[in-house]
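For the protein sequence lines, the chains are A and B, in the order given.
For the first sequence, full-length UniProt numbering puts the final residue at 239, and the numbers step up evenly by one.
For the second sequence, full-length UniProt numbering puts the final residue at 465, and the numbers step up evenly by one.
Backbone N, C-alpha and C define an ideal beta-carbon position, used for all residues, glycine too.
Notes follow the structure.
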Amino acid sequence: MNNIILSLKNLTVSIKDKKILNSINLDLEKGKIYAIMGPNGCGKSTLANAILGHPSYEIHEESKIVFNQKDINKLTTDKRVNEGLFLTFQTPLALTGVSIFELLKQAQPNKELHKISEEVHNYAKELKVNEELLFRSLNQNASGGERKKLELLQAAVLKPKLIIFDEIDTGVDVDALKDIASFMNKYQKDTTYVIITHYNRILKHVNPDKVIVLENGKITRQGKANLAIEIEDKGYGNN
Amino acid sequence: MPTSPKLDVQQLHISPVSYDYKYQTPKGLNEKIVAQISAKKEEPTWMTDFRLKAYQIFRNKKLPTWGADLTDIDFENITYYLSSTDNIARTWDDVPDNIKKTYDTLGIPQAEKDYLSGVSAQFESEIVYEGIKKDLEKQGIVFLDTGTALKKYPQIFKEHFAKVIPPGDNTFAALNSAVWSGGSFIYIPKGVHVKLPLQAFFLINAKNVGQFERTLIVADEGSFVHYVEGCTAPTYSTSSLHAAVVEVFVKKNARVRYTTIQNWSKNVYNLTTKRAWVEENGIMEWVDANIGSKVTMKYPACILAGEGAKGQILSLAYANGSQHQDTGAKMTHLAPNTSSQIISKSISKSGGHCSYRGLVSVSPKAKNSSVHVSCDALLLDEDSRSDTYPVMKINQKDTTVQHEATVEKIGEEKLFYMASRGIKKSEAESMLVNGFIDPIVKEIPLEYAIEMNRLINLEMEGSVG
Numbered sequence: 001m002n003n004i005i006l007s008l009k010n011l012t013v014s015i016k017d018k019k020i021l022n023s024i025n026l027d028l029e030k031g032k033i034y035a036i037m038g039p040n041g042c043g044k045s046t047l048a049n050a051i052l053g054h055p056s057y058e059i060h061e062e063s064k065i066v067f068n069q070k071d072i073n074k075l076t077t078d079k080r081v082n083e084g085l086f087l088t089f090q091t092p093l094a095l096t097g098v099s100i101f102e103l104l105k106q107a108q109p110n111k112e113l114h115k116i117s118e119e120v121h122n123y124a125k126e127l128k129v130n131e132e133l134l135f136r137s138l139n140q141n142a143s144g145g146e147r148k149k150l151e152l153l154q155a156a157v158l159k160p161k162l163i164i165f166d167e168i169d170t171g172v173d174v175d176a177l178k179d180i181a182s183f184m185n186k187y188q189k190d191t192t193y194v195i196i197t198h199y200n201r202i203l204k205h206v207n208p209d210k211v212i213v214l215e216n217g218k219i220t221r222q223g224k225a226n227l228a229i230e231i232e233d234k235g236y237g238n239n
Numbered sequence: 001m002p003t004s005p006k007l008d009v010q011q012l013h014i015s016p017v018s019y020d021y022k023y024q025t026p027k028g029l030n031e032k033i034v035a036q037i038s039a040k041k042e043e044p045t046w047m048t049d050f051r052l053k054a055y056q057i058f059r060n061k062k063l064p065t066w067g068a069d070l071t072d073i074d075f076e077n078i079t080y081y082l083s084s085t086d087n088i089a090r091t092w093d094d095v096p097d098n099i100k101k102t103y104d105t106l107g108i109p110q111a112e113k114d115y116l117s118g119v120s121a122q123f124e125s126e127i128v129y130e131g132i133k134k135d136l137e138k139q140g141i142v143f144l145d146t147g148t149a150l151k152k153y154p155q156i157f158k159e160h161f162a163k164v165i166p167p168g169d170n171t172f173a174a175l176n177s178a179v180w181s182g183g184s185f186i187y188i189p190k191g192v193h194v195k196l197p198l199q200a201f202f203l204i205n206a207k208n209v210g211q212f213e214r215t216l217i218v219a220d221e222g223s224f225v226h227y228v229e230g231c232t233a234p235t236y237s238t239s240s241l242h243a244a245v246v247e248v249f250v251k252k253n254a255r256v257r258y259t260t261i262q263n264w265s266k267n268v269y270n271l272t273t274k275r276a277w278v279e280e281n282g283i284m285e286w287v288d289a290n291i292g293s294k295v296t297m298k299y300p301a302c303i304l305a306g307e308g309a310k311g312q313i314l315s316l317a318y319a320n321g322s323q324h325q326d327t328g329a330k331m332t333h334l335a336p337n338t339s340s341q342i343i344s345k346s347i348s349k350s351g352g353h354c355s356y357r358g359l360v361s362v363s364p365k366a367k368n369s370s371v372h373v374s375c376d377a378l379l380l381d382e383d384s385r386s387d388t389y390p391v392m393k394i395n396q397k398d399t400t401v402q403h404e405a406t407v408e409k410i411g412e413e414k415l416f417y418m419a420s421r422g423i424k425k426s427e428a429e430s431m432l433v434n435g436f437i438d439p440i441v442k443e444i445p446l447e448y449a450i451e452m453n454r455l456i457n458l459e460m461e462g463s464v465g
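Put into structure tokens, the structure is as follows:
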């Protein structure tokens, strides 16, 4: 089907010979919003890192990652990302001496710096990010919420086809969460969202088309938005 | 057997140019050769005696064993003096064509063309071009090669020469004192502020030619000067030795900034002694960037001799592969209310080795002084090495001391983060390195800063995997 943006086939992932994800099969459609939920240690972040091609993760041979109808499994992270993938990090690292402008200019060498700068400033205003923060080393001395907003801001400038939000809602206060959610809604358009989360918190503001539950490295349940509410009430339970 | 490393200068498309050397001493060193150098340079007797005495000191000194490995230096296989032209060219038109060609191949910055008359360029052991800009002359500024200054300004020369770095200071200061030739002499009269940085370009271009230049700067009361030296060297096959001595005198209320961008080819031993004597309320700033050479041992120093004197040392070292940058700083507080700041940043890559060696001493007389030391090391991979040897001798209890040291690794996680923005590994590494050194690069004049960023990027491009 042409409507599929990302397709995972038999995705099995290990770290140092320990199997973390076991034969995941998943098709994600263009422009839809997915929530991937699960208890700590179920493999949510591993899934994100494996899709992006983190070098410490071993992808088993029979696995396939097809993005935008292209097998990206052999590509390095930067090449995958240039195909239109994006990951917002759970704990974005500080880059000493590198500002958000420099980073985005390097990421988009053909885009003029003033254009990037203009976009950064506009999105920063919308996200209520202190301007001063933009001129500093990226993520240095920034609060948890500010870091998450800066991740979102970068995604907005780079305009990917699919964004994985790895716990965008943790370490963020209520007001910041609202800013983040309304920004996500405003700029979603035909972008596919994969929201990895432990709680239902963000899903109250950003309504998922589908909720996928990951437990012990396997997909155990799939459902509509109400599955998230059910999990909030009853917990993940034993399975 | 030392093998010849692959040189990055080749990536800069520099091809060695051959020269016709007019005069050179035989290889190796003895009293006769030392006397010959002095005679050839038509020096006064006191200088001949000074050289011979220094030679004796050199012979009696051992190689330092506490720093980098120097055992491969073959002192017998070095030509200690040669001149490429018999006379110093007076104008740019007098500069021999083949030397101009080297400048062109090296792409010597436009700055040189613009401020040609303020440039003193050293080719081999003699200054081949030297012009003094007219308005510098009008202000009474002296900017000469050191050999000429000895003849033209004997009094001020003798008054300062070897006074802050005597031959007995260390092995290589002794060697330099015996065989020195070339280098710059600068005198800035009272109250004169030199607006443009004074610049010199150094080149070595002969097998086993040791460069022993000697620089002497005297900044009289209330004056200011910024001196910039940048080194580039074409290819050789065997090890080369560079042992310079730089002495700076900062008089009352004067300020001197001395910037070095060292990019010797990777078979050069760079063993240089730099020291400043700073009087009342004087300010000395060393900006010292070491990117090239096989081995560098260099610790710019400030002796804060007058009340309220300030010293700052910004040190940057980059060691790639088999390079060892053993660099640092030395601050000696001798008077009250003196303050010193040392900022050191080092980058080690592909097995490169950086050592920071610092010595700060505060004498009992230096009441109410402040000391600030910060040294940061960046390791690009597991094979690389960084050592820190900070020594503080504080003999005065009213001293404010701040010391910070960090070691940072460009780990997989940072590179993954940047890759997740679509940036490939080599570019990400360059960005992180440039970001790390930015606080020091900011202090370097723009045209040199650009050249240095380019050099670093070039070094980074060679990275594999």
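For K414 of chain B, the residues of chain A that pass the 8 Å Cβ criterion are L93, L95, in the order they occur in the chain.
At a cut-off of 8 Å between beta carbons, A107 of chain A contacts chain B. Interface residue (Cβ-Cβ distance to chain A less than 8 Å): N434 of chain B is classified as such. Under the DSSP definition of a beta bridge, L87 of chain A partners with A:I164. For the 8 Å CB-CB criterion, V213 of chain A and G41 of chain A do not form a contact.
When the alpha-carbon of K365 of chain B is set against those of B:G358, B:L379, B:K397, B:K151, the nearest one is in B:K397. For K298 of chain B, the uninterrupted beta strand (DSSP E) segment begins and ends at 295-298. S56 of chain A counts as exposed, since fewer than 16 other C-beta atoms from the protein chains shown sit within 10 angstroms of its C-beta.
The beta carbon of S386 of chain B is closer than 7 Å to those of S346, S348, C354, A377, L379, V407 in its chain, skipping five residues each way along the sequence. The C-beta separation of M431 of chain B from I444 of chain B comes to about 19 Å, leaving the pair out of contact by the 8 Å criterion. Interface flag for E427 of chain B against chain A is set, since a Cβ pair is found closer than 8 Å. Around the C-beta of R275 of chain B, 16 or more other C-beta atoms lie within 10 Å, and the residue is accordingly described as buried. Between the stretch 112-129 of chain A and the stretch 44-55 of chain A there are fewer than three C-beta pairs closer than 8 Å, too few to call the two in contact. Interface flag for H60 of chain A against chain B is unset, since no Cβ pair is found closer than 8 Å.
Sorting B:S344, B:E307, B:S322 by C-alpha distance to the C-alpha of P300 of chain B places B:S344 at the top. If you check the CB distance, H54 of chain A and T91 of chain A do not come in under 8 Å. The Cβ atoms of A174 of chain B and K61 of chain B lie closer than 8 Å to each other. In this structure, S177 of chain B sits away from F143 of chain B, with a CB-CB distance that is not shorter than 8 Å.
Scanning B:I186, B:Q402, B:L198, B:F172 for the CA closest to the CA of I156 of chain B turns up B:I186. G352 of chain B places its beta carbon less than 8 Å from that of G321 of chain B.
In the three-state DSSP reduction, V142 of chain B falls in the strand class (E or B).
Listed in chain order, the alpha helix (DSSP H) runs fully inside the stretch 25-74 of chain A are 44-52, counting runs of at least 4 residues. Residue contact check for N82 of chain A against chain B: a CB pair falls below 8 Å. Shortest Cα-Cα distance from K252 of chain B to any of B:V278, B:G411, B:V228 involves B:V278. Contact check for I163 of chain A against T88 of chain A passes: the beta carbons are separated by less than 8 Å. Within the same chain, K190, G191, K251, K252, N253, A254 come within 8 Å of E221 of chain B by CB-CB distance, once the 5 residues on both sides are set aside. Between T399 of chain B and V371 of chain B, the CB-CB gap stays under 8 Å. Per DSSP, reduced to three states, the secondary structure at E102 of chain A is helical. Each of A:Q222, A:T220, A:L203, A:E215 was checked against the Cα of E232 of chain A, and the nearest Cα belongs to A:L203.
Closest option to Q188 of chain A, judged by alpha-carbon separation, among A:L152, A:Q140, A:L103: A:L152.
A residue is called buried when at least 16 other Cβ atoms come within 10 angstroms of its Cβ; D17 of chain A does not meet this threshold and is exposed. In its chain, beyond the 5 residues on either side, N68, P160, K161, L162 have a beta carbon closer than 7 Å to the beta carbon of G84 of chain A. Residue pairing by DSSP places L378 of chain B opposite B:I347, B:E408 in a beta bridge. S99 of chain A and R136 of chain A do touch by the CB rule: their CB atoms are close to 7 Å apart, below 8 Å.
In its chain, beyond the 5 residues on either side, G328, S355, Y356, R357, G358 have a beta carbon closer than 8 Å to the beta carbon of Y389 of chain B.
DSSP, reduced to helix, strand and coil, places W46 of chain B within a helical segment of the structure shown.
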